[in-house]
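Asks:
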Ligand SMILES: [Fe+2]
Ligand SMILES: [Fe+2]
């Protein structure tokens, strides 16, 4: 059965294989050669900056306010917004590690940091997606008129486009 929030489920489905790559990159730390590790870390960081963070920004601007208004409680989405902040902070930390290993092999401490950040992001984002899909989307499917949902996804598309244009 198609539901009004199907576009968001589809978007998550497209992002999920890249979430799995965060775990693969973490597995490679201390195991794969330096060139392979650098490429995996770069791909993971690029994905986060260019796709995942803009996705989260579009949710912050458009989806979460809709969820909050449907629930009649502006505080309802705060715990999820806190997840987004943590994703942003870990993404920045990964960017710093990416720069550090660009010119030299990682130290033991940098290897530990890479594993912590990559596995941390993997677990955080995975459970965050599940919470959106299993908790928020059924609420919208039940209570949001299709025309409002269509407008919401159009606005999310614009917000994500803006965020991608400013991604660096
Ligand atoms: Fe989110
Ligand atoms: Fe999401």
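In this note's numbering, the protein residues as written are 1175 to 1342. Glycine included, C-beta positions come from ideal geometry on N, C-alpha and C.
#1: In three-state DSSP terms, what is residue 1191?
#2: Please classify residue 1214: is it buried, with 16 or more other beta-carbons within 10 angstroms of its beta-carbon, or exposed?
#3: Of all the options 1198, 1234, 1267, which has the alpha carbon lying nearest to the alpha carbon of residue 1327?
#4: Considering only the beta carbon of each residue, do residue 1203 and residue 1285 sit closer than 7 Å?
#5: Is residue 1306 near ligand 2, judged by its Cβ being under 6 Å from some heavy atom?
Replies: This is what the structure holds:
#1: As a first step, residue 1191 must be located in the chain shown, where it is residue number 17. Of the three classes helix, strand and coil, the one that applies to residue 1191 here is helix, per DSSP.
#2: The residue labelled residue 1214 in the question sits at position 40 within the chain shown. Buried, since its Cβ has 16 or more Cβ neighbours within 10 Å.
#3: For the purposes of this step, residue 1327 is identified with residue 153 of the chain shown, where counting begins at 1. When each option's Cα is compared against that of residue 1327, the closest is 1234.
#4: The sequence position of residue 1203 within the chain shown is 29, counting from 1. The sequence position of residue 1285 within the chain shown is 111, counting from 1. Yes; because the gap between Cβ atoms is below 7 Å, this pair is in contact.
#5: Looking up residue 1306 in the chain shown gives position 132. Result yes, Cβ under 6 Å from ligand 2.
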